[in-house]
Amino acid sequence: MVQAVAGAACHRLTAFNRMNHPVAFNSAGVQPEPGAWRVRYDAHEEEFCVLLEGLTLAADDGTARQFSAGDAFVVPGGFTGVWENHSRVRKHDAIMALAVPASG
Numbered sequence: 106m107v108q109a110v111a112g113a114a115c116h117r118l119t120a121f122n123r124m125n126h127p128v129a130f131n132s133a134g135v136q137p138e139p140g141a142w143r144v145r146y147d148a149h150e151e152e153f154c155v156l157l158e159g160l161t162l163a164a165d166d167g168t169a170r171q172f173s174a175g176d177a178f179v180v181p182g183g184f185t186g187v188w189e190n191h192s193r194v195r196k197h198d199a200i201m202a203l204a205v206p207a208s209g
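In the working numbering, each number is its position in the sequence shown, counted from 1, plus 105.
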């Protein structure tokens, strides 16, 4: 889930190499404009990012991390918080949906 908090309401998506499976994997280049977005990752969804230009990622628990060009990080499954872009951000990312165990 992505919800605009401040600034531009959407991301500009630039797909540089998009290989995906409908449920399991997505890879893209993303260039969000300045602004802030509330995000919620499903428990089984993780995102690996490599930043070309920086951003701030603040979790609902009050922690905040600032990332800049060259940083790589993983947004863990279940993360809720705010992506805040102080300027235009450029990143490469891969989002993977991990296997969800069958209930029973």
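We treat Cβ as the ideally placed atom computed from N, Cα and C, and that holds for glycine.
Residues that residue i bridges to, as DSSP identifies them
i, result
"glycine 186", "Val144 and Ala164"
"alanine 174", "BP columns for alanine 174 are empty, so no partner."
Within 8 Å, strictly: CB atoms of residue i and residue j
i, j, result
"phenylalanine 184", "alanine 164", "yes"
"arginine 143", "valine 187", "yes"
"alanine 174", "leucine 162", "no"
"arginine 193", "glutamate 138", "yes"
Residue i burial status per 10 Å Cβ neighbour count (16 or more: buried)
i, result
"arginine 123", "Confidence in arginine 123 is poor, its pLDDT being 49 and thus under 50, which makes the residue's placement unreliable; the coordinate value appears in the next sentence. With fewer than 16 other Cβ atoms within 10 Å, it is exposed."
"alanine 141", "buried"
"leucine 160", "buried"
Continuous beta strand (DSSP E) stretch holding residue i: start and end
i, result
"glutamate 151", "150-156"
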